[in-house]
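Chains as they are written, first to last, in the UniProt record's numbering: chain A, 1 to 344; chain B, 1 to 344.
2 protein chains.
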Amino acid sequence: MKANIMYAAGDVRVEELPVPRLLEQTDVILKVVAACVCGSDLHPYRSMHPHEHGEGEAMGHEVIGKIEEMGSDVSGFKKGDLVVVPFAYGDNTCPFCQEGLMTSCEHGGFMTGCQAEFVRVPQAQGSMFKLPDEIDEDSPLLPSLLTLSDVYGTGYHAAVMGRVNEDTTVTVIGDGAVGLLAVLSAKKLGAKKIILMGRHKERTDLGIEFGATNVISERGEEGVAKVRDLTNGEGTHVVLECVGLKPAYDMSVGIVRSGGVISRVGVPQYDEAAVGFESLFGRNITLTGGPAPTRAYMEELLPDILDGAVKPGRVFDVTVDLDGVPEGYRAMNNREALKVLIRP
Amino acid sequence: MKANIMYAAGDVRVEELPVPRLLEQTDVILKVVAACVCGSDLHPYRSMHPHEHGEGEAMGHEVIGKIEEMGSDVSGFKKGDLVVVPFAYGDNTCPFCQEGLMTSCEHGGFMTGCQAEFVRVPQAQGSMFKLPDEIDEDSPLLPSLLTLSDVYGTGYHAAVMGRVNEDTTVTVIGDGAVGLLAVLSAKKLGAKKIILMGRHKERTDLGIEFGATNVISERGEEGVAKVRDLTNGEGTHVVLECVGLKPAYDMSVGIVRSGGVISRVGVPQYDEAAVGFESLFGRNITLTGGPAPTRAYMEELLPDILDGAVKPGRVFDVTVDLDGVPEGYRAMNNREALKVLIRP
Chain A
1 MKANIMYAAG DVRVEELPVP RLLEQTDVIL KVVAACVCGS DLHPYRSMHP HEHGEGEAMG
61 HEVIGKIEEM GSDVSGFKKG DLVVVPFAYG DNTCPFCQEG LMTSCEHGGF MTGCQAEFVR
121 VPQAQGSMFK LPDEIDEDSP LLPSLLTLSD VYGTGYHAAV MGRVNEDTTV TVIGDGAVGL
181 LAVLSAKKLG AKKIILMGRH KERTDLGIEF GATNVISERG EEGVAKVRDL TNGEGTHVVL
241 ECVGLKPAYD MSVGIVRSGG VISRVGVPQY DEAAVGFESL FGRNITLTGG PAPTRAYMEE
301 LLPDILDGAV KPGRVFDVTV DLDGVPEGYR AMNNREALKV LIRP
Chain B
1 MKANIMYAAG DVRVEELPVP RLLEQTDVIL KVVAACVCGS DLHPYRSMHP HEHGEGEAMG
61 HEVIGKIEEM GSDVSGFKKG DLVVVPFAYG DNTCPFCQEG LMTSCEHGGF MTGCQAEFVR
121 VPQAQGSMFK LPDEIDEDSP LLPSLLTLSD VYGTGYHAAV MGRVNEDTTV TVIGDGAVGL
181 LAVLSAKKLG AKKIILMGRH KERTDLGIEF GATNVISERG EEGVAKVRDL TNGEGTHVVL
241 ECVGLKPAYD MSVGIVRSGG VISRVGVPQY DEAAVGFESL FGRNITLTGG PAPTRAYMEE
301 LLPDILDGAV KPGRVFDVTV DLDGVPEGYR AMNNREALKV LIRP
């Protein structure tokens, strides 16, 4: 089968590999129907060092697929079922999963190898979410449904952890797919003022359609000042940080209102940051967020997609087949594409 | 009048000063009935550099007093009323105060000069909390009522911000007055497992009376391992960090359960700390806390003190008059005293 392997920064190759086999009886093998390239895939695409033995990494952690083969411990599904899989799989029975935190599952891990014809899903019974029978692989809703795997669930996690509601003002930092879907999520949770910080007009325009009430292209201290101008000098109750770089953290501190929340879903590319009296403590700022347990949100987010109330799949602006994935990485990395959909 | 002034590390002096006067019509002058030395007063007591002009700082931010003189803008109180004042005063009308965050009041600040015969209270109407008529200055409840000014309210703030409830396990770091009252607060909010980390037996014994179910004297990695031993390897849902030093922060990260909360009320003596994937983000840890808006908790915490259900005043183990304050600092700094009550 065809699969996309990353060997080093800028080096993604389509290769011929054996179809994956069941390794555990809790596994399922999916035929990939839709996958995509994630903003977080761009981190290794920019920085990965070649492995000394020439080994690469099977890329892709977002997938909708058709069940091809099931381990004997998987029940409640059948061959041919169309399912969406969260980027963080888990058993969905351990105490952490029961609390909605599959990203800390005792038997959990992160999906890999979805940018391929077939993929193995560990802990499949707990992880897989069956799509309604009326959805088939040609459904126009498929791109939106695929966002349940990661980016919509991640934006929603940011908003939930940030305790967004109808009384909170919100700033979203980042106009990537997660940032835009954080806007959509803040809107869904009732926020009336949603300030989107981003500098790519075609993206922020989509952000406005998703619910952003203001767009700010400035960064750093200028960006902070602009947000304060819009909020009576106070800053916003919530900051959804969807970038993961240190300057975005520092900007969050500048933007957040006293007593407010900084909710991070951009994977931090730094270890230490300001948390002392001046930055967080003195103003009772809460810092929260982390990898999104997207499986836990699927039931809740599905209906609005099915009835067309939201169209998170609009973040996909380029579609490729498996041979086109390396070009998809290049385009996303150069910001020519917002998010690349893969239809094998 | 007598007042205690700190000039440098280890240098607190009783001096004769003029009785403070009203500076604003929103001020009140109190005759101090009870005050105390705070654990946070020990930070300057250990580190304060002498001022080049020989000026000192009027110490003390916790007080119960009798109204001696009122500005014309203060209503709803009368001369002779016995009131407790939060260490962070405020107007109690601005948006932040209305949200319960007087520590971010637009007209707020921190009390000073309570270790004296008289003290000026700014923003007095919003800040003062009138004690019930049956309480007079000889009431045996006075020490417990004084803890509403700071240490009980601060321990309670830690627990509230940490979202302690009957389903959460809790670790309290620190066996000072705030740590012990964080134990009492966690108990009040229903926590069934409360692990107290401290190494002074007479203090941790009081912690047990306040509700601690386990005491751990180890620190650092050993301390972390002990907490994990007690919690099925997981750590506790909530960590109440009542120390403020970097090692206590790092220990909190090691102790907190995935998806849990670190709530800080110990004033951080550091600016930067670990917040990256390994420490907070990867496990969806929330970091919260800050200076406690103790005024906001007084109505809620008063009844249990009045009916004797809780006795937070037990943290006071030494009583001095104003002349005895310098000795009180010395004793607290040497850990001969837990908390020093001042009766002028």
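Virtual Cβ for every residue (Gly too), placed ideally from N, Cα, C. Computed from a predicted model, the values in this text were never measured in an experiment.
Please specify which runs of the alpha helix (DSSP H), each continuous and at least 4 residues long, are wholly inside the region 123 to 171 of chain B, giving them in chain order. Taking 4 residues as the shortest admissible run, the region 123 to 171 of chain B contains the following complete alpha helix (DSSP H) segments, listed from N- to C-terminal end: 124 to 127, 142 to 146 and 151 to 161.
Between the Cα of G179(B) and the Cα atoms of I285(B), M1(B), V215(B) and N165(B), which residue gives the shortest distance? V215(B)
Determine the DSSP secondary structure at R330(B), reduced to helix, strand or coil. helix
Taking the C-alpha atoms as reference points, what is the distance between S279(A) and T154(A)? 25 Å
Under 7 Å by beta carbon: chain A residues contacting L245(B): Neighbours of L245(B) on chain A: none; closest Cβ ~12 Å, over 7 Å.
Could you tell me whether any Cβ in chain B is nearer than 8 Å to the Cβ of E153(A)? Note on identity: in this sequence residue 153(A) is Gly, with Glu being the wrong assignment. No - not a single Cβ of chain B is within 8 Å of the one on G153(A).
DSSP beta-bridge partners of A273(A): A273(B)
For chain A, find out if any of its Cβ atoms is closer than 8 Å to the Cβ of Y270(B); answer yes or no. Taking Cβ atoms only, chain A reaches closer than 8 Å to Y270(B), which makes this a yes.
D81(A): first and last residue of the uninterrupted beta strand (DSSP E) it sits in: Careful: D81(A) lies outside any beta strand (DSSP E) and carries neither H nor E.
Residues of chain B with CB closer than 8 Å to the CB of R264(A), please, in chain order. F281
Residue 430(B), enclosing alpha helix (DSSP H) - first and last residue: Absent from the model: residue 430(B). The displayed extent of chain B is 1 to 344, so no value can be given.
Can you tell me whether DSSP reads R21(A) as helix, strand or coil? coil
What three-state label does DSSP hand S237(B) in the structure shown? In the sequence on display, residue 237(B) carries His and not Ser. It is a strand residue.
Would you decide whether N334(B) is buried or exposed? Buried here means 16 or more other CB atoms lie within 10 Å of its CB. exposed
Neighbour list for S185(B) in chain A, Cβ cutoff strictly below 9 Å: Here the premise fails: no neighbours, minimum Cβ distance about 17 Å.
Listing by chain order, which chain B residues have their CB less than 7 Å from the CB of F277(A)? V267 and P268
Would you verify that the beta carbon of E57(B) is, or is not, closer than 8 Å to some beta carbon of chain A? no
In the DSSP assignment, what are the bridge partners of L341(A)? C36(A) and T319(A)
May I have the straight-line CA-CA distance separating S127(A) from F77(A), to the nearest angstrom? 12 Å
Taking Cβ-Cβ distances shorter than 7 Å, what residues in chain B pair up with G259(A)? Residues of chain B passing the Cβ test: F96, E99, L101 and S104.
Could you list the residues in the region 304 to 328 of chain A with a C-beta less than 8 Å from some C-beta on chain B, going in chain order? none
When you compare only the Cα positions, how much space is there between R13(A) and F87(A)? 22 Å
Report the residues of the region 68 to 87 of chain B with a CB closer than 7 Å to any CB of chain A, ordered along the chain. none
Just the Cα atoms here: how many angstroms apart are L23(B) and Q123(B)? CA-CA distance, L23(B) to Q123(B), rounds to 11 Å.
Does the beta-carbon distance from R330(B) to M102(B) come in below 8 Å? no
Three-state class that DSSP yields for E68(B) in the structure shown: Here E68(B) sits in strand by DSSP.
Short of 7 Å in beta carbon distance, which residues of its chain neighbour M48(B), apart from the five on each side in sequence? Order them along the chain. M6, A8 and A9
Going by beta-carbon coordinates alone, are E16(A) and K31(A) separated by less than 8 Å? no
Compare the beta carbon distance of T171(A) and V239(A) with 8 Å and say whether it is the shorter of the two. yes
Can the beta-carbon of R219(A) be found less than 8 Å from the beta-carbon of G235(A)? No, these two residues do not count as a Cβ contact at 8 Å.
For the alpha helix (DSSP H) that contains E117(B), what are its first and last residues? For E117(B), there is no enclosing alpha helix (DSSP H), as DSSP marks it with neither H nor E.
At what residues does the beta strand (DSSP E) containing V261(A) begin and finish? V256 to R264
With distances taken from CA atoms, which of K192(B), V74(B), R314(B) and L306(B) is nearest V164(B)? The option with the nearest alpha carbon to V164(B) is K192(B).
Find out if the Cβ-Cβ distance for the pair S263(B), E241(B) is shorter than 8 Å. yes
Nearest neighbour of D41(A), chosen from D27(A), V320(A) and C114(A) [CA to CA]: C114(A)
Please confirm if P44(A) has its CB atom under 8 Å from at least one CB of chain B. no
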